[in-house]
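*Asks:*
Protein chains in written order, with this note's numbering: chain E, 366 to 833; chain H, 1359 to 1496.
1) Could you spell out where the alpha helix (DSSP H) holding residue 493 (chain E) opens and where it closes?
2) So, with DSSP's three-state summary, where would you put residue 732 (chain E)?
3) Return yes when the Cβ of residue 563 (chain E) is within less than 8 Å of the Cβ of residue 1478 (chain H), no when it is not.
4) Contact defined as beta carbons within less than 8 Å: I believe residue 723 (chain E) pairs with residue 602 (chain E). What is the distance between those atoms, to the nearest angstrom?
5) DSSP state of residue 606 (chain E), grouped into three classes?
6) Against residue 451 (chain E), what residues of chain H qualify as contacts under a CB-to-CB distance less than 7 Å, listed in chain order?
7) Along chain H, which residues have their Cβ under 7 Å away from the Cβ of residue 441 (chain E)?
8) Per DSSP, residue 764 (chain E) forms a beta bridge with which residues?
9) Taking the alpha helix (DSSP H) that residue 638 (chain E) falls in, what are its first and last residues?
10) Roughly how many whole angstroms lie between the Cα atoms of residue 825 (chain E) and residue 815 (chain E)?
11) In three-state terms, what does DSSP make of residue 1377 (chain H)?
12) Cβ of residue 1403 (chain H) less than 8 Å from any chain E Cβ?
13) So with Cβ pairs under 8 Å, would you call residue 1418 (chain H) a contact of chain E?
14) Relative to chain E, which residues along the stretch 1467-1481 of chain H have a C-beta separation below 9 Å, given in chain order?
15) I'd like the list of long-range same chain contacts for residue 503 (chain E), defined as Cβ closer than 7 Å, with 5 residues on each side in sequence excluded.
16) Compare the Cα-Cα distances from residue 612 (chain E) to each of E:730, E:470, E:475 and E:391 and report the closest residue.
17) Quick check on residue 1392 (chain H) - is its C-beta less than 8 Å from some C-beta in chain E?
18) Mark residue 657 (chain E) as exposed unless 16 or more other C-beta atoms lie within 10 angstroms of its C-beta, in which case mark it buried.
19) So who's on the other strand from residue 798 (chain E), going by DSSP bridges?
20) If you measure from the CB of residue 448 (chain E), is any heavy atom of the ligand PLP nearer than 7 Å?
21) Across the stretch 1410-1424 of chain H and the stretch 559-575 of chain E, are there enough close Cβ pairs to call them in contact, namely three or more that are closer than 8 Å?
22) Any residues in the stretch 510-528 of chain E with a beta carbon nearer than 9 Å to a beta carbon of chain H? Which ones, in chain order?
23) Got a sec: is the Cβ-Cβ distance from residue 834 (chain E) to anything in chain H below 8 Å?
24) Who are the near neighbours of residue 817 (chain E) in its chain, counting only those whose CB is closer than 6 Å to its CB and skipping five residues on each side?
25) Could you name the residues of the stretch 1419-1448 of chain H whose beta carbon sits closer than 8 Å to any beta carbon of chain E, in the order they occur along the chain?
26) Could you tell me whether any Cβ in chain E is nearer than 8 Å to the Cβ of residue 1380 (chain H)?
27) Taking three-plus beta-carbon pairs below 8 Å as touching, is the stretch 1406-1421 of chain H in contact with the stretch 1376-1390 of chain H?
28) Assess, as a yes-or-no matter, whether the stretch 733-749 of chain E is touched by the stretch 706-717 of chain E under the definition of 3 or more beta carbon pairs within less than 8 Å.
29) Going by DSSP, what residue range makes up the beta strand (DSSP E) through residue 529 (chain E)?
30) State the beta-bridge partners of residue 626 (chain E) as determined by DSSP.
31) Determine the chain H residues that contact residue 574 (chain E) at a beta-carbon separation under 8 Å, and present them in chain order.
32) Using only the alpha-carbon positions, how far apart do residue 425 (chain E) and residue 738 (chain E) sit?
33) Is it true that the CB of residue 606 (chain E) sits closer than 8 Å to the CB of residue 767 (chain E)?
34) From the DSSP output, in three-state form, read off residue 668 (chain E) for me.
35) Return no unless some Cβ of chain H is closer than 8 Å to the Cβ of residue 570 (chain E).
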């Protein structure tokens, strides 16, 4: 006759060993690695959840005598183990992201600005290294969900609300310009915490319910895609409001969107369609639609005229995107799968008519965050003058002000990106021995621009902290 | 993110919710304290969601409701598979009776057994889907 309790002792011990193996690295770490305080909080939370899980299971076993309850405990162990298997995937990537492998200056700038939003005044970020070349935050919201559900079962505290978790490609820790994409990921955190998904999805479903020929599973697919597109555009707008046009430039640079222009900067519509940058996918809106929406916010926030005047194909791509109309974007899947009786353009029109509401939602969610344009417009010239002369622009002087002053970090970022996109030849002309290897020299001196800008951001934030 | 995703983690999420419901039902059985309001909402939400699903009705109001039992279309599909497998057309009334503190105590006691069986089946099926997903394989 099998002894259920004895078997369960084995199962509970096995689970405890499994949890220890997953979480040991959070406790025993190399002294050479330093992590962000928020990451330390994350590790502390994981250790606490592990201890609470083990205690809970052991206590349940000790208290239960009923066979039925013991059998249920055995099933519960299965679910708990499955949950820990899921949490496992986030621990090592977070451990890998120590401060030597993170763009700390940019993160400080981001955190500083993010905290000026009323609702997120005490928020912090945990960063982890992703093996995929993607900046991720949605998947990490899953971490919160599964940690919270486990906490709910074992009666432990939920994951701290004020922690946002963001993944960056492990290779990009030192790239200042590419990391201007990070605020988009923060946008996902804000979107998830503002119940916007729910608001938009419910509205889309109501509008699509008019089309009785669309089956429920297809309708659900369309609603989900529309809502995902809304989220992506929201996050782009959020990033532009946070960081200005440097986000759009980084986007164009990373995804090579500028190849939709010919040698005379004319828009290559057939090539763009063939490359997919005017097409919706189930997960993402078209790149050029995203850029079009960004230009509309850049205009609202005052940046656009200055941005379009930048002598760079990045700026000209934005100009081309701004001129596109809704009818130039398409979703092939929808056209192929909808019944003939349903007008595909009208269905897609439901999404297009939601675009102004995305701007409204972004405005609502960024209350308290000042627009960075004005400060940039008064300091960019002087920042770029420093860069042109190989000087770290930690403090700048203008002819109208006698004392030097520290520029805002977001002004530094946008000025540096403009300089990098437009004025590198000015710097290279001053460097002795250049002119033999245009690409190699551009690589080398672009990195210097990033380093000087990072140093300036660090100096400015340090000065601010000291003054505070 | 609500809706349809195909993420295997969604199945795990459903298994965790089912486990929480089982724990609450067992607590009621043994007169231990539990969050009966959350359980009642879960029972009602399942019945409403499945009804909408089967009648081609609006789903997202249920998927996005606070404390909704399902957040994804695939999770509703799992619930519906379990409902079909159990083959008891009075499943809705039984789930509501089991999860509502205002039900007749005798009927509720009998229906709690049914509800535990229902949620256990949901948990097992959801875990199966989670374990069968490509990223979960050994």
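Quick reminder that beta carbons are idealized off the backbone N, C-alpha and C, glycines included.
*Replies:* The short version:
1) If you look at residue 493 (chain E), you'll find it isn't in any alpha helix (DSSP H); it sits in the beta strand (DSSP E) that goes 489-495.
2) Reduced to three states, the DSSP call for residue 732 (chain E) is coil.
3) Against a cut-off of 8 Å, the Cβ pair of residue 563 (chain E) and residue 1478 (chain H) comes out as no contact.
4) Between residue 723 (chain E) and residue 602 (chain E) a beta carbon distance of about 7 Å is seen, short of the 8 Å cut, so the two are scored as contacting.
5) Three-state result, residue 606 (chain E): helix.
6) Neighbours of residue 451 (chain E) on chain H, chain order: 1367 and 1370.
7) Correct list: 1377.
8) Here residue 764 (chain E) is not bridged, per DSSP, to any residue.
9) Per DSSP, residue 638 (chain E) belongs to the alpha helix (DSSP H) from 634-640.
10) The straight-line gap from Cα to Cα measures roughly 15 Å.
11) Residue 1377 (chain H) falls in the helix class under three-state DSSP.
12) Chain E contact via Cβ: absent.
13) So yes, residue 1418 (chain H) belongs to the interface.
14) Taking 9 Å as the upper bound on Cβ-Cβ separation, chain E lies near residues 1474, 1478 and 1481 of the stretch 1467-1481 of chain H.
15) At residue 503 (chain E) the pLDDT is 49, less than 50, meaning the model places this residue with poor confidence and gives no usable figure here.
16) Nearest option by C-alpha distance: E:475.
17) No - not a single Cβ of chain E is within 8 Å of the one on residue 1392 (chain H).
18) With 16 or more other Cβ atoms within 10 Å, it is buried.
19) In the DSSP assignment, no residue is bridged to residue 798 (chain E).
20) Here there are no bound small molecules, and the ligand PLP is not part of this structure.
21) With the cut-off at 8 Å, the stretch 1410-1424 of chain H and the stretch 559-575 of chain E touch.
22) Of all residues in the stretch 510-528 of chain E, the ones placed with a Cβ closer than 9 Å to any Cβ belonging to chain H are 510, 511, 514, 515, 517 and 518, in chain order.
23) Look at the range of chain E in this structure, 366 to 833, and you will see that residue 834 (chain E) is not part of it.
24) Exclusion of the five residues before and after residue 817 (chain E) leaves 757 as the residues of its chain whose Cβ lies within less than 6 Å of its Cβ.
25) Of all residues in the stretch 1419-1448 of chain H, only 1419, 1421, 1422 and 1431 place a beta-carbon less than 8 Å from a beta-carbon of chain E.
26) So, interface residue.
27) With the cut-off at 8 Å, the stretch 1406-1421 of chain H and the stretch 1376-1390 of chain H do not touch.
28) Judged by Cβ distances under 8 Å, the stretch 706-717 of chain E makes no contact with the stretch 733-749 of chain E, as fewer than three pairs qualify.
29) First-last of the beta strand (DSSP E) with residue 529 (chain E): 528-534.
30) Bridge partners of residue 626 (chain E): E:632.
31) Neighbours of residue 574 (chain E) across chain H, judged by C-beta separation under 8 Å: 1416.
32) Straight across, the Cα-Cα distance linking residue 425 (chain E) with residue 738 (chain E) is about 59 Å.
33) The Cβ-Cβ distance between residue 767 (chain E) and residue 606 (chain E) does not fall below 8 Å.
34) Under the three-state reduction of DSSP output, residue 668 (chain E) falls in the coil class, being neither helix nor strand.
35) Using a CB distance cut-off of 8 Å, residue 570 (chain E) counts as an interface residue toward chain H.
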